[in-house]
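If you read the sequence shown in this note's numbering, its first letter stands for residue 147, the second for the next number, and so on. Virtual Cβ for every residue (Gly too), placed ideally from N, Cα, C. Please read all numbers here as calculations on a predicted model, not as lab measurements.
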Amino acid sequence: MSIKVTFVDPRGNAVEATGEASDNLLRVGQASGLPLEGTCEGQMACSTCHVIVAAEWFDKLAEASEEEEDMLDFAAGARRTSRLSCQIDLTPVLDGLTVSIPSESNDARKM
Ligand code: FES
């Protein structure tokens, strides 16, 4: 089953992406050309994969681990519904998920 995700990029443009169950949200976003750096490749050693989850979707995600919460403290522009996209694996329940990429995010590939 395909799972649709909408990313809202830092300029406010909605980008539709599609993944499969157990695909990683960071990878799905990167594959769609979104500015998610993901420097540490999912090791929870950076926060460059930070996304802000739409409030109505936040409670559908598996809870963040303590390590993830700690790393989010360093994320620029973090909000109450912030998550590290590398820690989110898609499940059928997340079909329709919407996340925003904060404008504070830096993409080293574009510097
Ligand atoms: S890719 Fe580094 S914390 Fe997600």
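Using C-beta distances below 8 Å, list every residue in its chain close to Met147, excluding the 5 sequence neighbours before and after it, in chain order.
When the five nearest sequence neighbours on each side are left out, the beta carbons in the same chain lying within less than 8 Å of the beta carbon of Met147 are those of Glu166, Ala167, Pro238, Asp241, in order along the chain.
Under DSSP, the alpha helix (DSSP H) around Val239 begins and ends at which residues?
Membership of Val239 in any alpha helix (DSSP H) is not indicated, and neither H nor E is assigned to it by DSSP.
So what's Ala177 in DSSP terms, helix, strand or just coil?
If DSSP states are grouped into helix, strand and coil, Ala177 belongs with the helices.
Going along the chain, which residues of its own chain have a beta-carbon closer than 6 Å to the beta-carbon of Glu250, five neighbours each way excluded?
Take Glu250, set aside five residues on each side of it, and the residues of its chain with a beta-carbon closer than 6 Å to its own are Ala222, Gly223, in chain order.
If you measure between the beta carbons of Arg157 and Val199, is that distance less than 8 Å?
Cβ distance not < 8 Å, so Arg157 and Val199 don't count as in contact.
Once the 5 residues before and after Cys186 are set aside, which same chain residues still bring their CB inside 6 Å of it?
Cβ neighbours of Cys186 within its own chain (closer than 6 Å, five residues either side excluded): Cys192.
Determine the direct distance from the alpha carbon of His196 to that of Asp205, and round the result to whole angstroms.
Distance between the alpha carbons of Asp205 and His196 is about 17 Å.
Beta-carbon proximity of Ile149 to Leu207, cut-off 8 Å:
No, they are not a contact pair.
Residues in the same chain with beta-carbon distance under 7 Å from Leu180, minus the five sequence neighbours each way, listed in chain order, please.
Counting only Cβ-Cβ distances below 7 Å, and skipping sequence neighbours, we find Phe153, Asp155, Val161, Ile247.
Could you have a look at Ser231 and say whether DSSP puts it in helix, strand or coil?
Ser231 falls in the helix class under three-state DSSP.
Secondary structure at Val161, three-state DSSP: helix, strand or coil?
Here DSSP, grouped into helix, strand and coil, assigns Val161 to strand.
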